[in-house]
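> Numbering (the UniProt record's numbering), first residue to last: 1 to 412. Backbone N, C-alpha and C fix where the C-beta goes; we use that ideal spot for every residue, glycine too.
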């Protein structure tokens with residue numbers, strides 16, 4: 001634009017955004033394109049740790065369907081056992097046929113134990129009796145293999161649950177949230193856009209910019225400190241998308257461990273035309289010829305191809321953000337995500353210890369009570385038996401002495 005003022009050029013070398021100050025110096029050509037004024041923001045990675053997060057591998061609907069499938073399989077298995085039982089003779093006491101004595105033979109409990117053991121990856125001594133039961137058990141085993149494999153795959157993702165950080169949808173969120181500082185280039189057309197648009201939202205954003213001194217020079221706008229503030233969700237940049245992508249991609253390596261990601265707000269701030277500016281004293285015929293040529297380029301798609309090839313459609317630093325997220329998720333899930341498993345083990349160990357202590361106390365109490373009862377019953381009997389023995393032995397000795405005396409007198 002300075003070259004137009006100094007009469008050093010008839011037309012600008014590139015397309016510029018149409019502003020009031022520029023139209024005072026030169027005349028804009030037919031709009032080459034429209035640039036999107038976007039909000040460039042960031043959000044940190046936040047994870048919600050749950051002690052029993054592994055249970056989120058399956059939803060409640062899947063757990064309920066698994067339970068119903070287990071009950072249906074068990075019921076069908078028991079029904080097959082009852083249907084295949086041969087009613088040879090009726091029971092003499094109950095009068096029912098033999099196939100109603102399944103509880104007595106333990107088929108119901110054994111089949112329940114077999115299905116539960118397979119669910120817990122354990123074996124069972126119970127064997128199916130007929131082909132229908134074998135087919136049912138085979139289908140149950142195959143289903144468990146698929147279910148267990150799916151559970152293992154889903155557990156990895158469920159151990160660490162990423163919390164949804166509140167993102168910026170549009171400029172209304174910037175005006176509403178006091179924690180976010182809007183940043184613009186000093187003396188840019190974006191600041192002019194905020195000043196000339198008479199709406200409450202734009203007025204609040206403009207007041208934030210001026211009160212917090214958020215008008216930065218271009219080299220400060222894309223500095224590492226500013227980008228880290230944006231990455232933490234403390235600031236948001238109002239700028240055009242293509243310059244942002246080009247500038248930020250060159251600085252991704254300087255941000256280090258990002259612990260966050262950049263994104264563009266879904267709602268655009270505005271769409272502004274970009275044009276080349278011609279000197280006001282330029283010949284009108286040449287000016288019209290330039291406008292016709294620009295229209296021809298637009299119709300044939302050459303301008304669109306130029307902007308598409310020179311632009312960056314992806315969000316800046318996406319690869320670095322994904323690597324940082326994977327590293328953090330792996331580190332977090334190694335121990336913190338498995339706390340529920342160790343907690344269950346500790347609870348099971350404590351329960352087993354309590355049961356062991358209770359069993360020992362119960363056995364000791366039972367043994368003590370049995371010993372007291374046996375002692376009370378045996379001691380009087382022993383005493384009575386010992387008295388009778390002494391009396392009998394004493395009587396026997398007395399008789400023996402009398403006999404010896406009587407036998408010895410005749411000898412003398």
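In terms of residue numbering, what span does the beta strand (DSSP E) encompassing residue 225 cover?
What you label residue 225 is simply residue 225 of the chain shown in a count that begins at 1. Taken as a continuous stretch (DSSP letters only), residue 225 belongs to no beta strand (DSSP E), being part of the alpha helix (DSSP H) at 224–231.
> Let's test the definition: count the other Cβ atoms within 10 Å of the Cβ of residue 43 and tell me whether it reaches 16, buried, or not, exposed.
Residue mapping note: residue 43 aligns to position 43 of the chain shown, counting from 1. Buried, because 16 or more other Cβ atoms sit within 10 Å of the Cβ of residue 43.
> Could you say which of 134, 130 and 120 lies nearest to residue 145 if we only look at CA atoms?
Position 145 of the chain shown holds residue 145. Comparing Cα-Cα distances from residue 145 to each of 134, 130 and 120, the minimum goes to 120.
> Between which residues of its own chain and residue 303 is the CB-CB distance below 7 angstroms, once the five residues before and five after are set aside?
Counted from its first residue, the chain shown places residue 303 at position 303. Cβ within range, chain order: 32, 33 and 297.
> Indicate the three-state DSSP secondary structure (helix, strand or coil) for residue 202 in the structure shown.
Position 202 of the chain shown, counting from 1, holds the residue named residue 202. Here residue 202 sits in helix by DSSP.
> Applying the criterion that 16 or more other CB atoms from any shown protein chain within 10 Å of the CB defines a buried residue, is residue 265 buried or exposed?
As a first step, residue 265 is located in the chain shown; it is residue number 265 there, counting from the start. Burial call: buried.
> Tell me the rounded alpha-carbon separation between residue 295 and residue 11.
Translated into positions along the chain shown, residue 295 becomes position 295. Translated into positions along the chain shown, residue 11 becomes position 11. The straight-line gap from Cα to Cα measures roughly 17 angstroms.
> Among 17, 66, 241 and 223, which one has its Cα closest to the Cα of residue 267?
Mapped onto the chain shown, residue 267 falls at position 267. Comparing Cα positions, the closest option is 241.
> Measuring CB to CB, does residue 167 end up less than 8 angstroms from residue 235?
Indexing the chain shown from 1 puts residue 167 at position 167. Indexing the chain shown from 1 puts residue 235 at position 235. Contact flag unset, no.
> How many Å lie between residue 133 and residue 343 at the Cα?
For the purposes of this step, residue 133 is taken as the residue at position 133 of the chain shown. For the purposes of this step, residue 343 is taken as the residue at position 343 of the chain shown. Cα-Cα distance, rounded: 38 angstroms.
> Residue 423: which of 126, 247 and 187 sits nearest, CA to CA?
Residue 423 lies beyond the stretch modelled for the chain, which goes from 1 to 412, so this question has no answer here.
> Would you say residue 258 and residue 317 are within 8 angstroms of each other, going by their C-beta atoms?
One-based indexing of the chain shown puts residue 258 at position 258. One-based indexing of the chain shown puts residue 317 at position 317. A contact, by the Cβ cut-off of 8 angstroms.
> Would you identify the three-state DSSP class for residue 12, choosing helix, strand or coil?
The count along the chain shown starts at 1 and reaches residue 12 at position 12. In this structure, residue 12 counts as coil in the three-state DSSP scheme.
> Grab me the residues of residue 16's own chain with a C-beta within less than 8 angstroms of its C-beta, minus the 5 sequence neighbours each way, in chain order.
As a position in the chain shown, residue 16 is number 16, starting the count at 1. 1, 22, 274, 275, 276 and 277, listed in sequence order.
> If we ignore side chains and look at the alpha-carbon of each, how far apart do residue 254 and residue 18 end up?
On the chain shown, position 254 is the one that residue 254 refers to. On the chain shown, position 18 is the one that residue 18 refers to. Taking the straight line joining both Cα atoms gives about 34 angstroms.
> Less than 7 angstroms between C-beta atoms, sequence neighbours within five positions excluded: which residues of the same chain meet that for residue 282?
Here residue 282 corresponds to residue number 282 of the chain shown, with the count starting at 1. Within the same chain, residue 282 has close Cβ partners 10.
> Name the one or two DSSP bridge partners that residue 361 has.
The sequence position of residue 361 within the chain shown is 361, counting from 1. Bridge partners of residue 361: none, in fact.
> If you drop the 5 nearest sequence neighbours on each side, which residues of the same chain put their C-beta closer than 6 angstroms to that of residue 208?
The residue given as residue 208 occupies position 208 in the chain shown. Correct list, in chain order: 182.
> Can you have a look at residue 4 and say buried or exposed, based on whether 16 or more other CB atoms are within 10 angstroms of its CB?
Your numbering for residue 4 matches position 4 in the chain shown. Result: buried.
> Strictly by DSSP, which residues pair up with residue 216?
Position 216 of the chain shown, counting from 1, holds the residue named residue 216. DSSP output for residue 216 lists 185 as bridge partner(s).
> Is residue 269 close to chain D? Criterion is C-beta to C-beta, closer than 8 angstroms.
No chain D is present in this structure, which holds just one protein chain.
> Under the DSSP definition of a beta bridge, which residues are partnered with residue 273?
As a position in the chain shown, residue 273 is number 273, starting the count at 1. Paired residues: 34.
> Contact defined as beta carbons within less than 8 angstroms: I believe residue 115 pairs with residue 70. What is the distance between those atoms, to the nearest angstrom?
Along the chain shown, one-based indexing puts residue 115 at 115. Along the chain shown, one-based indexing puts residue 70 at 70. About 7 angstroms; that satisfies the 8 angstroms criterion.
> Taking 8 angstroms as the cut-off, decide whether the C-beta atoms of residue 35 and residue 174 are in contact.
Counting from one through the chain shown, the residue named residue 35 turns up at place 35. Counting from one through the chain shown, the residue named residue 174 turns up at place 174. Contact: no.
> Can you give me the C-alpha to C-alpha distance between residue 7 and residue 172, rounded to a whole angstrom?
Within the chain shown, the letter at position 7 stands for residue 7. Within the chain shown, the letter at position 172 stands for residue 172. Their backbone Cα atoms lie some 43 angstroms apart in a straight line.
> In whole angstroms, what is the alpha-carbon distance linking residue 124 and residue 137?
Along the chain shown, read from residue 1 onward, the residue named residue 124 stands at position 124. Along the chain shown, read from residue 1 onward, the residue named residue 137 stands at position 137. If you take the alpha carbons of residue 124 and residue 137, they lie about 12 angstroms apart.
> Starting from the C-beta of residue 201, find all residues in its chain whose C-beta is less than 8 angstroms away, skip the five residues before and the five after it, and write them out in chain order.
The count along the chain shown starts at 1 and reaches residue 201 at position 201. Correct list, in chain order: 171, 172 and 175.
> Output the distance between the C-alpha atoms of residue 184 and residue 194, rounded to the nearest integer angstrom.
Here residue 184 corresponds to residue number 184 of the chain shown, with the count starting at 1. Here residue 194 corresponds to residue number 194 of the chain shown, with the count starting at 1. Computed Cα separation, rounded: 10 angstroms.
> Return the bridge partner residues of residue 240 from the DSSP annotation.
Walking along the chain shown from the start, residue 240 turns up at place 240. Answer is 37, bridged to residue 240.
> Under 8 angstroms, do residue 217 and residue 260 count as touching if we go by C-beta distance?
By one-based count along the chain shown, residue 217 stands at place 217. By one-based count along the chain shown, residue 260 stands at place 260. No.
> On a Cα-Cα basis, can you pick out the residue from 215, 225 and 229 that is closest to residue 189?
Along the chain shown, read from residue 1 onward, the residue named residue 189 stands at position 189. Residue 215 is the option with its Cα nearest to residue 189.
> Alpha carbon to alpha carbon, what distance is there between residue 113 and residue 362?
Your numbering for residue 362 matches position 362 in the chain shown. Your numbering for residue 113 matches position 113 in the chain shown. The alpha-carbon atoms of residue 362 and residue 113 are separated by roughly 28 angstroms.
> Rounded to a whole number of angstroms, what is the C-alpha to C-alpha distance between residue 61 and residue 68?
For the purposes of this step, residue 61 is identified with residue 61 of the chain shown, where counting begins at 1. For the purposes of this step, residue 68 is identified with residue 68 of the chain shown, where counting begins at 1. Going from the Cα of residue 61 to the Cα of residue 68 covers about 11 angstroms.
> If you follow the beta strand (DSSP E) that residue 261 is in, where does it begin and where does it stop?
Within the chain shown, the letter at position 261 stands for residue 261. Element bounds for residue 261: 260–264.
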